[in-house]
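Before any comments, here is the structure.
In the working numbering, the protein residues as written are 34 to 624.
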């Protein structure tokens, strides 16, 4: 089988046996390095006591999580969940997870291991039962079949140590032990693409645009080093894990003729400050991993991060810090003198922004794609920290935000999606438009804090959006988007697609825009709908109301409001601009 369980006796004393259980891949079945791993291990807590638990891989930059985090908590729960990532890769046969456990003499406890993933490939659809007397179940799980997608070579860049570095037609770069010529193709399973972080390929087009003059590859032990020469005389040295293709280290070396070369064996760090950011007007469109010390003045949370990325974009800069639990915190600072229109691809952030002078965004979130449960747990923790339910003054806001988060996340049920929490800010007074869009592939949920600016915030690219705080939001684009507001006064305008717009409470003004839109009602306050058309629908979120008869029974008044026809219910009201009689309303109702 592809997973091996190994036992080792540690001690026996006073009738208590202590053993070590190690988990590794079978090198005869899985003969290549792997980057990611996961498993769940359950046992009888009345029999087994966990003494220690650890992820043991030789990569010092490995990222991993064990839940529960302590042996004591695991002993009580009877379950250990473990997952990890290695930048340089884990060698075939290397034990990646170990526990030390004890039990009364005479017992031979069983450990059931499930959800085993190696590089996102499921090892077994069934739980595997292992015990000291029978460590490895008698099942055979074949190695995962390689993907058959192929990459076409545009240029052979360099070779060393049995590996060749290629540029492919999709503008990605990667190395392989297989040698081919230009215009030939390679199976993707034979290539390690150069990645800024897992799942984020290096943007080669940006490097070429910077004036690429030379590319040299050197392979040393488990590292593939790429030395890039640029037209301005500077060089970039990038180290990638040979088993994974993921960036593990980077170094920029300036032109020796500009101010002199550093002494042999030393690297001069040049980070001039232009008074706006940590850049100097230099464009670095891919984002580079940097030391936390370089950016802590902008993002103090970077001091405790395991990885920090900086992307310098002219007189703008984007910073992202990744914590061990996968959460991110970052900041984008635009040009102080001119409008900033930029694409941010930094760490796991993928955004496009069009911001007025002297403005920017603060952002939080989770790196990579997440599930519904992961997203709601993360966002609800943020809500409880910012607007606690225990306070009488903030409890209604807490409740409305959690309701909006649950709905926005539930739109993505069964899908993996990107999660961003964005707060735009501006240092100058006045009202303008700020455009922020998700530019990555796949699904995305965004929470936009509108309360820090008076500007109209235009949002695009997100499948679902949570509007936080008082302000104005415009959904741009032709794809249908769901927007969920909170108890504050908000103006929300849809785009050209079929949008779902929920004010969430307060005095809201909703505009559907083009397309067949759905307006959700039923929250305290007055909702004004400015452009209800025959193609639109009205949805009601009301406890105990599941049909039109029950809805109409809760109407307490009909007349003219300040904006149009006003229909007042027992707990909320809605006004329809352009209508004077309820008989004009013939829209579909959703409960």
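Note that the Cβ used here is the ideal one computed from N, Cα and C, for glycine as well.
The model shown is predicted, which means the values in this text are computed figures rather than measured ones.
Have a look at residue 426 and residue 432 and give me their C-alpha separation to the nearest angstrom.
Walking along the chain shown from the start, residue 426 turns up at place 393. Walking along the chain shown from the start, residue 432 turns up at place 399. Cα to Cα, residue 426 sits roughly 12 Å from residue 432.
Pair within 8 Å by beta-carbon distance, residue 215 and residue 248
In the chain shown, the residue the question calls residue 215 occupies position 182. In the chain shown, the residue the question calls residue 248 occupies position 215. At the C-beta level, residue 215 and residue 248 stay beyond 8 Å of one another.
In three-state terms, what does DSSP make of residue 436?
Along the chain shown, one-based indexing puts residue 436 at 403. Three-state DSSP puts residue 436 in a helix.
Keeping to the same chain, check which residues put their C-beta closer than 6 Å to that of residue 64; ignore five residues upstream and five downstream.
For the purposes of this step, residue 64 is identified with residue 31 of the chain shown, where counting begins at 1. Cβ neighbours of residue 64 beyond the five flanking positions: 125.
Where do the ends of the alpha helix (DSSP H) carrying residue 377 lie?
Translated into positions along the chain shown, residue 377 becomes position 344. From DSSP, residue 377 is part of no alpha helix (DSSP H) but of the beta strand (DSSP E) over 373-379.
Taking only three categories from DSSP, how would you classify residue 326?
Position 293 of the chain shown, counted from the first residue, corresponds to residue 326. Residue state for residue 326 is assigned as helix, using DSSP reduced to three classes.
Report buried or exposed for residue 375, applying the criterion of at least 16 other Cβ atoms within 10 angstroms of its Cβ.
Residue numbering aside, residue 375 sits at position 342 when the chain shown is read from its first letter. That one is buried.
Quick check on DSSP: helix, strand or coil for residue 411?
Position 378 of the chain shown, counting from 1, holds the residue named residue 411. Helix at residue 411.
Does the segment 519-528 come into contact with the segment 496-503, if we say contact requires no fewer than three beta-carbon pairs (one atom in each stretch) closer than 8 Å?
The segment 519-528 is in contact with the segment 496-503.
Look at residue 384 and residue 469 and say whether their C-beta atoms are less than 8 Å apart.
On the chain shown, position 351 is the one that residue 384 refers to. On the chain shown, position 436 is the one that residue 469 refers to. Taking 8 Å as the Cβ cut-off, residue 384 and residue 469 qualify as a contacting pair.
At 3 residues or longer, and completely inside the segment 327-354: list those beta strand (DSSP E) runs for me, N to C.
Fully enclosed beta strand (DSSP E) runs of 3 or longer: 340-346.
When you compare each of 545, 557, 79 to residue 566 by their alpha carbons, which one comes out closest?
As a position in the chain shown, residue 566 is number 533, starting the count at 1. Restricting attention to 545, 557, 79, the CA atom closest to the CA of residue 566 is found in 545.
Helix, strand or coil: how does DSSP classify residue 133 here?
The residue given as residue 133 occupies position 100 in the chain shown. Taken through DSSP and simplified to helix, strand or coil, residue 133 comes out as strand.
Residue environment, residue 459, which counts as buried when at least 16 other CB atoms sit within 10 Å
For the purposes of this step, residue 459 is identified with residue 426 of the chain shown, where counting begins at 1. Classification of residue 459: buried, given that the 10 Å Cβ count is 16 or more.
Is it the case that the Cβ atoms of residue 569 and residue 496 are separated by a distance below 8 Å?
Here residue 569 refers to the residue found at position 536 of the chain shown. Here residue 496 refers to the residue found at position 463 of the chain shown. Contact flag unset, no.
Classify residue 450: buried if its beta carbon has 16 or more other beta carbons within 10 angstroms, exposed otherwise.
Reading the chain shown from its first residue, position 417 is the one you call residue 450. Buried: at least 16 other Cβ atoms inside 10 Å.
Validate contact between the segment 149-157 and the segment 88-108 using beta carbons, cut 8 Å, 3 pairs:
The segment 149-157, when compared against the segment 88-108, does not touch it at the 8 Å Cβ threshold.
Which of helix, strand or coil does DSSP assign to residue 98?
In the chain shown, the residue the question calls residue 98 occupies position 65. Residue state for residue 98 is assigned as strand, using DSSP reduced to three classes.
Decide if residue 107 is buried, meaning its Cβ has at least 16 other Cβ atoms within 10 Å, or exposed.
Counting from one through the chain shown, the residue named residue 107 turns up at place 74. Flag for residue 107 reads buried.
Stretch-stretch touch, CB-based, cutoff 8 Å, three pairs: the segment 270-282 with the segment 323-330:
The segment 270-282 makes no contact with the segment 323-330, as fewer than three CB pairs between them are under 8 Å.
One question on the structure: do residue 367 and residue 396 come within less than 8 Å of each other, judged by their Cβ atoms?
For the purposes of this step, residue 367 is taken as the residue at position 334 of the chain shown. For the purposes of this step, residue 396 is taken as the residue at position 363 of the chain shown. The answer is no: Cβ separation not under 8 Å.
How about residue 211 and residue 219: are their beta carbons less than 8 Å apart?
Locating residue 211 in the chain shown gives position 178, where the first residue counts as 1. Locating residue 219 in the chain shown gives position 186, where the first residue counts as 1. In this structure, residue 211 sits near residue 219, with a CB-CB distance shorter than 8 Å.
Which two residues bound the contiguous alpha helix (DSSP H) that contains residue 104?
The residue you call residue 104 lines up with position 71 of the chain shown. Here the alpha helix (DSSP H) through residue 104 covers 104-110.
To the nearest whole angstrom, what separates the beta carbons of residue 73 and residue 146, a pair I think is in contact under 8 Å?
Counted from its first residue, the chain shown places residue 73 at position 40. Counted from its first residue, the chain shown places residue 146 at position 113. With a Cβ gap of about 7 Å, residue 73 and residue 146 count as contacting.
Span of the beta strand (DSSP E) holding residue 617?
Locating residue 617 in the chain shown gives position 584, counting from the first residue. Per DSSP, residue 617 is not a residue of any beta strand (DSSP E), being assigned neither H nor E.
Tell me which residue opens and which closes the beta strand (DSSP E) that residue 275 is part of.
By one-based count along the chain shown, residue 275 stands at place 242. Element bounds for residue 275: n/a, residue is neither H nor E.
Note down the Cα distance separating residue 91 from residue 118, rounded to an integer number of angstroms.
Position 58 of the chain shown, counting from 1, holds the residue named residue 91. Position 85 of the chain shown, counting from 1, holds the residue named residue 118. Inter-residue distance for residue 91 and residue 118 is about 12 Å (C-alpha atoms, whole angstroms).
Return the CA-CA distance between residue 472 and residue 494, expressed in angstroms with no decimal places.
Against the chain shown, residue 472 aligns to sequence position 439. Against the chain shown, residue 494 aligns to sequence position 461. Taking the straight line joining both Cα atoms gives about 6 Å.
Supposed contact pair residue 129 and residue 89 - C-beta distance, whole angstroms, cut 8 Å
As a first step, residue 89 must be located in the chain shown, where it is residue number 56. As a first step, residue 129 must be located in the chain shown, where it is residue number 96. With a Cβ gap of about 7 Å, residue 89 and residue 129 count as contacting.
Can the beta-carbon of residue 408 be found closer than 8 Å to that of residue 452?
Within the chain shown, residue 408 is the residue found at index 375, counting from 1. Within the chain shown, residue 452 is the residue found at index 419, counting from 1. For residue 408 and residue 452, yes; Cβs fall inside 8 Å.
Cross-strand partners of residue 570 (DSSP beta bridge)
The residue labelled residue 570 in the question sits at position 537 within the chain shown. DSSP lists 551, 621 as the bridge partner or partners of residue 570.
For residue 270, which residues of its own chain have a beta-carbon under 6 Å away from its beta-carbon, when the five flanking residues on both sides are left out?
What you label residue 270 is simply residue 237 of the chain shown in a count that begins at 1. If you ignore the 5 residues before and after residue 270, its C-beta comes within less than 6 Å of the C-beta of 260, 284, all in its own chain and listed in chain order.
Candidates 464, 480, 474: closest to residue 486 by CA position
Along the chain shown, read from residue 1 onward, the residue named residue 486 stands at position 453. When 464, 480, 474 are compared, the shortest CA-CA separation from residue 486 is found for 464.
Simplified DSSP assignment, three categories, for residue 148:
Working through the chain shown from its first residue, we reach residue 148 at position 115. Correct three-state label for residue 148: strand.
Using only CA atoms, which one of 416, 321, 264, 491 lies nearest to residue 281?
In the chain shown, counting from the first residue as 1, residue 281 sits at position 248. Nearest of 416, 321, 264, 491 to residue 281, Cα basis: 321.
May I have the straight-line CA-CA distance separating residue 624 from residue 581, to the nearest angstrom?
Along the chain shown, one-based indexing puts residue 624 at 591. Along the chain shown, one-based indexing puts residue 581 at 548. Rounded to whole angstroms, residue 624 to residue 581 spans 9 Å at the Cα level.
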